[in-house]
Structures are given as C-alpha cells and as structure tokens.
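Asker:
Residue numbers (my numbering): 62 to 808.
(1) Nearest-angstrom Cα distance between residue 42 and residue 596?
(2) At what residues does the beta strand (DSSP E) containing residue 701 begin and finish?
(3) With 16 other CB atoms within 10 Å as the buried threshold, where does residue 85 fall?
(4) By Cβ distance, which residues of its chain are closer than 6 Å to residue 505, with the 5 residues on each side in sequence left out?
(5) With H, G and I counted as helix, E and B as strand and the rest as coil, what does DSSP make of residue 109?
(6) Identify the continuous alpha helix (DSSP H) that holds residue 368 and give its terminal residues.
(7) Find out if the Cβ-Cβ distance for the pair residue 180, residue 76 is shorter than 8 Å.
(8) Can you give me the C-alpha to C-alpha distance between residue 486 and residue 372, rounded to a whole angstrom?
(9) Does the stretch 146 to 156 come within contact of the stretch 82 to 97, defined as at least 3 CB pairs closer than 8 Å?
(10) Are the beta-carbon atoms of residue 318 and residue 257 separated by less than 8 Å?
(11) Buried or exposed for residue 534, please, with buried defined as at least 16 other CB atoms from any protein chain shown within 10 angstroms of its CB.
(12) Taking the alpha-carbon positions, what's the residue 749 to residue 479 distance?
(13) I need the boundaries of the beta strand (DSSP E) containing residue 190, first residue and last residue.
(14) Reducing DSSP to helix, strand and coil, say where residue 84 ends up.
(15) Give a yes or no on whether the C-beta atoms belonging to residue 695 and residue 673 are separated by under 8 Å.
(16) Within a Cβ cutoff of 7 Å, which residues of the same chain sit near residue 185, ignoring the five residues on either side of it in sequence?
(17) Output yes if chain C places a C-beta closer than 8 Å to the C-beta of residue 338; else output no.
(18) Taking just the CA atoms, how far does residue 677 sit from residue 293?
(19) Out of 525, 360, 605, 128, state which residue places its alpha-carbon closest to the alpha-carbon of residue 679.
(20) If I measure Cβ to Cβ from residue 121 and keep anything under 7 Å in the same chain, skipping five residues before and after, which residues do I get?
(21) Helix, strand or coil, according to DSSP, for residue 596 in the structure here?
(22) Suppose contacts are defined by Cβ-Cβ distances below 8 Å. Is residue 743 in contact with residue 768 by that definition?
(23) Measure the alpha-carbon distance for residue 472 versus residue 649 and round it to whole angstroms.
(24) From the DSSP secondary-structure annotation, give me the bridge partner or partners of residue 816.
(25) Taking all protein chains shown into account, decide if residue 641 is buried (16 or more other Cβ within 10 angstroms of its Cβ) or exposed.
(26) In its own chain, which residues sit with a C-beta less than 7 Å from the C-beta of residue 726, not counting the 5 before and 5 after it?
(27) Helix, strand or coil: which one does DSSP assign to residue 95?
(28) Could you check the C-alpha separation between residue 353 and residue 331 for me, to the nearest Å?
(29) Look at the alpha carbon of residue 788 and the alpha carbon of residue 656, and state the distance between them as a whole number of angstroms.
(30) How would you label residue 663, buried or exposed, when you count the other beta carbons within 10 angstroms and need 16 or more for buried?
(31) Is it buried or exposed, residue 489, if we count other Cβ atoms within 10 angstroms and call 16 or more buried?
(32) Beta carbon of residue 727: closer than 7 Å to some heavy atom of the ligand GTP?
(33) Can you check whether the CB of residue 321 is closer than 8 Å to the CB of residue 191?
(34) Give me the Cα-Cα distance between residue 253 and residue 468, rounded to the nearest whole angstrom.
(35) Label residue 260 either buried or exposed according to how many other C-beta atoms from any shown protein chain fall within 10 Å of its C-beta, with 16 as the threshold for buried.
(36) What do you reckon, are the CB atoms on residue 765 and residue 628 nearer than 8 Å?
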C-alpha cells in the first residue's frame with residue numbers, strides 16, 4: 062500500500078512549463094500563438110536532462126521528438142503540465158514579420174514539482190495611424206468632427222510585402238475594410254465623443270499559409286485556439302472561423318486599439334429659401350441582425366426550388382450557376398451526407414431503390430441546410446446589405462463578424478451557441494455535453510448533444526401544418542389510393558375513377574416505393590397532436606376525430622394574432638414621417654409569443670418537424686414531375702411559383718375541396734416559419750429596450766404583411782383591420798376553413 066501511495070505522490074509532482082508571448086514595447090499578449098514543445102536531444106541522439114548551451118545552439122526541430130503543441134490564451138500564456146523531468150525545447154511556431162525565416166526557441170529544464178517559464182517577446186511595434194475624410198476627400202487635420210469619416214491604417218514592423226495568407230488585420234464593427242491592401246479601415250463618426258478602434262493583427266503559422274478548415278495539429282493541449290463550434294461535416298471551429306477568418310491554431314492574434322475624440326461641427330449660418338424633407342425614423346443596428354439574416358437565408362435555402370435544384374445537380378448533373386455562393390459551396394457537403402445516408406437507409410421491399418435514394422437525398426438536403434451555423438454561413442453580402450437598406454435598417458458591418466464576435470455566446474468554455482440556447486444551457490449545469498458521432502452510430506451516453514447547441518436545426522412545424530391545410534398530403538393520399546385501385550371513401554362517385562392512370566407509368570417505381578413505405582411515415586394523427594403541442598392549432602376532419610391532447614398551447618393563436626395586429630399599427634406609424642413609431646407594445650407581444658413557443662419545445666420538438674419536412678418535400682417533388690401534368694387537369698397559364706402547386710389545386714377542384722388556392726397556404730407556411738423562428742430563437746426574455754423590437758418589425762415587414770394577407774385570403778379573417786375581434790382571432794384556422802368550405806358548397 063505504501064508503494065502505491067508513493068507512486069501517486071510522484072505522479073502529482075511532475076513539472077510544468079509556462080510559455081508567454083507578448084510585444085516588447087507595449088506588453089500586449091499574443092493570443093492563440095502556437096508553441097511547439099520538443100524533448101531535447103543532443104547531437105548524439107541522447108535525451109538531455111538539463112539545458113546545454115552548446116547543444117541548444119545547434120538544435121533543429123524534429124517532429125519525432127514533439128511532445129505537445131499548445132496555444133496561448135487571452136493572457137498570452139500556454140501551460141504545458143504533467144511533464145516528466147528533463148530538458149525541453151519550446152519553439153514559437155508563428156511568423157515574425159521582421160524575420161520571416163528565423164526560428165525562435167528556448168530551452169527549459171523541468172524538475173518535479175516546479176514550473177519553468179519561457180518568455181518570447183518580439184518588437185512587433187503595432188501602431189494605428191488615423192486620418193480623416195470630409196465630403197469624400199482626405200483632409201490634413203488632427204481633429205475630427207461629427208459627419209467625418211475616420212480611416213485607421215494598422216501596421217507592425219516588417220509587414221510590407223506580406224499577403225493575407227501570412228499576415229492579416231481584422232477590425233471590430235463598425236470599422237469596415239477600406240482599400241485593397243487589407244490594412245486600412247473606415248468608420249463614419251456619427252456622434253460626438255470618443256470613438257474606439259479595436260482590431261487584431263493575425264500572424265500565420267510558420268511554413269504554411271492560413272487555410273480554412275485545416276486539421277488541428279496532433280498533441281494540442283491548450284488554450285485560446287480550442288474549438289467552439291462545428292460545421293455541417295463535424296469539423297471544429299473557432300470564433301475567427303465563424304467570422305470567415307481562419308481555422309483553429311492557424312493564426313496568432315495581437316490586439317491593437319486606438320481612440321478618436323470627435324467634436325461637434327460648428328453650425329454654419331444659412332439664409333434664403335431652404336428646402337426641407339422628412340424621412341423615416343432612424344434606428345441603430347443591433348447584434349441580432351445576423352441571426353435574422355441567417356434565418357431568412359436558411360429558410361429560403363430549404364425552399365422547394367432549391368431542393369429541386371439540388372436533386373437535379375445530384376442525379377442529372379445540372380448546373381448550379383443560379384444558386385447563391387454559400388449553396389454552391391454546400392453542395393459537396395450535401396453530396397457527402399447523401400452518400401453516407403444511402404449506405405445506411407434501407408427498405409425491406411422489392412423494387413424500391415429509386416424511392417430509397419430519393420429519401421436519402423432529401424434527408425441529406427434537410428440535414429445540411431437546416432443548421433443555422435452550417436459552414437459556409439448562409440450570408441450573401443450584397444443581397445443582405447440591399448435587404449437591410451430597403452428596410453431602412455443601418456448595416457452595422459460584416460454580419461459574419463458581428464455574429465461571431467458580438468452575438469454568439471460561449472458555453473462550457475468551448476461551444477458557441479445562440480444566446481437563447483445559452484440561457485437554457487446555464488439552467489442545466491449538471492448535465493454534461495455529449496459530443497456525438499454525427500449520426501454515424503447510436504450514442505446512448507447521458508448528456509446534451511453538443512450539435513444541438515452549436516448548430517441547431519431551425520425548422521418550424523407550422524410550415525407542415527399550413528401545407529397540410531393546403532391539401533398537399535391529402536392530394537398525395539388520393540393519388541396513392543388510385544395507384545392501389547382503392548376507391549375513395551364515401552358513397553358518392555370517385556372523382557379519380559375515370560381518370561386513366563397510364564400517364565404515371567414512368568413513376569411506377571417511385572410510387573411503389575412511396576406506397577410501400579407508408580408504415581414508416583408519420584400519420585396524420587401524430588402530426589395533429591404535435592401541431593397542438595407546439596401551437597395549440599389542429600386539423601379538422603374525420604381522420605382526426607376523438608382528439609384528446611395532454612398539453613396544448615391554447616394561448617398561442619390569440620397572442621400571435623395580437624402581435625400581427627400591433628405590427629399593422631406600428632407600420633402605419635413608421636410610414637408617417639411626422640411620428641416616431643412606438644415599438645414597446647411590439648416588444649411585449651414578442652416576449653409573450655416567445656414564452657408560449659418555448660413552453661411547447663419539448664417531447665418530439667427536435668425530431669418530428671424535420672421528419673415531416675422530409676416527407677412533404679418528397680411529396681412536392683413527386684407532384685412536380687411532368688407525368689402529373691398529364692394525369693391531372695392543370696391550368697398551364699396560372700403562374701404558380703413552384704411546379705407542384707397546380708397539381709394540388711387541380712386535385713382540390715376534382716374532389717370538390719376548398720377553392721382557396723394553395724398559393725395562400727404556401728405563403729402562410731413560408732412566412733409563418735420565418736416569423737416564428739425569429740421569435741423562438743431570439744433571446745426576447747432578456748431584452749428590455751425597444752430597439753431590437755423596432756428593428757425586428759422593420760426587418761420582417763414583408764413576411765408579416767404577407768402572412769396577414771394570406772391569412773385573410775385563406776380564412777376570411779383580416780388581421781390588419783382597425784377593430785379587433787378577440788373571438789375571431791382565437792378561433793382555430795381549421796374551424797374557419799371548414800366554415801368557408803360549407804359556405805362554398807352552399808353556393
């Protein structure tokens with residue numbers, strides 16, 4: 062027993078090396094600097110127990126002797142602990158602009174129980190030169206006034222001639238890149254007082270250029286370069302990479318800061334006739350603008366048009382020239398996910414391969430595109446800036462940088478996530494994070510799946526609800542019944558009985574697989590119970606009778622419609638240039654809807670919406686096939702935005718279902734999902750200023766007013782009317798649709 066205790070004591074007394082990196086003049090720490098620690102060997106190949114000056118002078122790095130690689134933390138410190146006694150060489154592994162080819166290293170002798178220190182200090186001499194611009198002309202002055210633009214020129218010694226793969230400068234918003242050299246940044250001076258410039262000078266690793274997605278070096282043991290998020294393929298990412306910078310450990314960072322004192326401009330006396338015009342109320346950019354932009358772009362990336370393009374590219378080698386840049390880059394990721402799923406998704410039926418492949422491709426499409434932080438991020442700089450400009454919302458800078466540096470929060474020291482999810486994580490400090498294997502195998506470990514925090518899948522079940530109310534699922538059910546030679550239920554004639562099914566012969570394999578797979582699809586009853594759990598809304602009909610839910614969001618519909626009515630009033634005020642619109646009622650309504658939505662985010666919340674989306678996308682794709690144009694009496698001259706829609710309207714006319722066009726239900730699905738995602742995943746419970754609500758209302762105006770119009774067209778209830786009807790606002794849409802159908806049949 063004594064021997065065991067002594068062995069444990071000796072293990073606890075092993076030594077450590079603390080390496081620090083900083084600038085000589087300012088003492089500023091170099092963050093994320095790579096330090097390679099080697100076992101020291103002499104010229105004869107014998108391990109050294111103590112540093113020998115003559116041997117160290119002739120030392121050359123040998124990767125076979127590499128003990129570990131560390132990265133300095135925010136204080137410029139990298140700690141290598143639990144080291145056995147002996148001599149070690151600590152080598153600085155980022156470039157030094159003044160001497161690119163130089164190798165900087167120091168020797169340290171480790172003893173049990175002691176921490177040795179090595180210090181790398183370099184005369185980087187970071188500096189900022191400020192100039193000012195008035196009326197688009199640079200001025201030779203040392204003072205700045207409101208309305209001018211400040212230009213910051215950032216340099217270190219020896220940076221001349223280095224390209225962006227060796228050295229680059231990044232700046233916090235609102236400073237934007239100015240010019241092509243990458244060292245100049247510009248910012249408008251909008252108010253008097255101090256304006257601060259904060260930036261980072263990034264140094265590449267020695268012997269290689271910085272590259273996005275590079276593999277982490279072996280033996281990493283610390284600190285600032287630790288991964289904080291995952292891309293869609295499972296690669297670990299840092300804040301810099303989310304902002305479009307570099308991969309973990311690729312670049313060291315030296316902070317640089319400066320201030321500009323801005324004075325009020327002396328008023329100039331004027332005389333004569335003066336023209337005056339009024340504009341809408343100005344607002345300030347908020348940190349959640351990138352989240353809303355990602356939601357808008359990600360939901361559009363999940364649209365049927367994009368899904369159809371993906372399948373054409375995957376199976377027919379179609380061009381992707383018309384897709385956004387981030388979609389073109391994601392194609393390889395979706396293709397890889399499809400290949401992985403194709404080998405794991407099997408059906409126990411004969412002649413079902415065509416349907417099985419379609420199902421795997423659809424799952425891959427949804428899995429990659431629904432992730433809010435899937436790389437590349439769903440930003441399209443030119444279109445995003447134009448969208449904000451049309452909404453009269455100022456662009457606070459590069460949205461990816463704002464997202465990574467200002468909006469996302471770090472939980473458990475390493476994982477970046479949305480502020481709302483960070484709040485939830487802090488409620489569960491005792492539950493560990495489970496880093497799963499991205500679905501490659503079952504993982505039964507207790508804990509929160511890290512992927513759900515770092516890259517949540519943003520889907521709303523309301524999309525499926527409105528598609529089902531628009532008769533998408535019912536249309537496909539009627540076709541599969543006819544395919545099986547089953548007569549429609551009821552005593553009357555079957556509208557499809559006399560329609561020849563021969564035009565669908567090319568789809569036999571797909572329809573066979575789809576019909577056989579019915580036992581593996583969600584039933585209307587399961588979807589209906591989940592609609593009620595999420596939103597307190599449900600379908601109406603014979604298939605969903607005897608409805609007995611355990612937990613319903615009975616207040617959601619009233620709260621959501623109240624928000625939409627407040628938005629209508631807000632938009633009237635906002636369009637009036639003599640009035641400053643009050644956004645506090647909108648903020649309070651957002652808080653209420655957010656609370657109700659969060660209460661329904663349980664049970665099947667994480668799985669059923671994605672499953673329903675996959676199934677309904679496949680139904681849309683089948684209906685969009687040209688064979689159905691010949692099978693159903695469609696109207697060619699009606700400009701439907703998606704090719705499956707006229708098939709649904711044709712079926713509704715044959716079956717004498719509602720004559721409200723499926724276009725309105727598609728609008729409700731599309732706009733409703735975007736609005737509810739921005740409410741559900743925004744951190745509204747912790748917001749007390751109205752600026753975010755003001756910007757939210759402006760940002761989502763097309764979606765809100767599109768939803769209001771489509772709701773009136775589908776149900777007859779006008780949510781923009783001045784006089785609110787509380788009873789009508791709280792009435793289930795399915796009841797309103799049944800009443801309109803009864804009125805249609807009477808006339």
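Ideal Cβ positions, reconstructed from N, Cα and C, are used throughout, including at glycine. Note that this is a predicted model, so its numbers are computed, not measured.
Answerer: For this structure:
(1) Within the shown structure, residues of the chain are numbered from 62 to 808, placing residue 42 beyond reach of any answer.
(2) For residue 701, there is no enclosing beta strand (DSSP E), as DSSP marks it with neither H nor E.
(3) exposed
(4) Note on residue 505: pLDDT 46, under 50, position unreliable in the model; the coordinate value appears next. Within the same chain, residue 505 has no close Cβ partners at all.
(5) coil
(6) 365 to 377
(7) no
(8) C-alpha separation (whole angstroms): 37 Å.
(9) They touch, by the three-pair rule.
(10) Yes, they are a contact pair.
(11) That one is buried.
(12) 18 Å
(13) 188 to 195
(14) strand
(15) With a cutoff of 8 Å on beta-carbon distance, residue 695 and residue 673 are scored as not near each other.
(16) Contacts found: 84, 217, 218, 315.
(17) Looking at the structure shown, chain C is missing, and only one protein chain is on hand.
(18) Confidence at residue 293 is low in this model, with a pLDDT of 37, below 50, so its placement is unreliable and the value that follows should be read with caution. Cα to Cα, residue 293 sits roughly 23 Å from residue 677.
(19) 525
(20) Within the same chain, and ignoring the five residues on either side of residue 121 in sequence, no residue has its Cβ closer than 7 Å to its Cβ.
(21) helix
(22) no
(23) 28 Å
(24) Outside the shown range of the chain, which is 62 to 808, sits residue 816, and nothing can be said about it.
(25) exposed
(26) 527, 528, 530, 531, 775
(27) strand
(28) 43 Å
(29) Their backbone Cα atoms lie some 22 Å apart in a straight line.
(30) exposed
(31) exposed
(32) With respect to the ligand GTP, the structure offers nothing, as it holds no ligand at all.
(33) yes
(34) 26 Å
(35) buried
(36) Note that the C-beta distance between residue 765 and residue 628 is below 8 Å.
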